[in-house]
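In our numbering, the protein residues as written are 2 to 71.
Don't be surprised by glycine CBs; every beta carbon is placed ideally from N, CA and C.
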């Protein structure tokens, strides 16, 4: 069982290094696409934060919770 672990480590490390190198290269995706996706994800995250804040305010109003109890 220990030898299987070390065999897995020996195989996993070079494989992960090769995959990181390939993924970092422009073989799969270029930097402009990555920046575009990052901007879209940022917009979605900000919208979710705003939505969560609105729901929290509505819940506080519904439950009559004041800022003093936080």
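- Counting along the chain, residue 65 sits inside no alpha helix (DSSP H), nor does DSSP assign it H or E at all.
- CA-CA distance, residue 24 to residue 55, rounds to 38 Å.
- If you draw a straight line from the Cα of residue 57 to the Cα of residue 12, it is about 48 Å long.
- Residue 59 has its alpha-carbon roughly 10 Å from the corresponding atom of residue 65.
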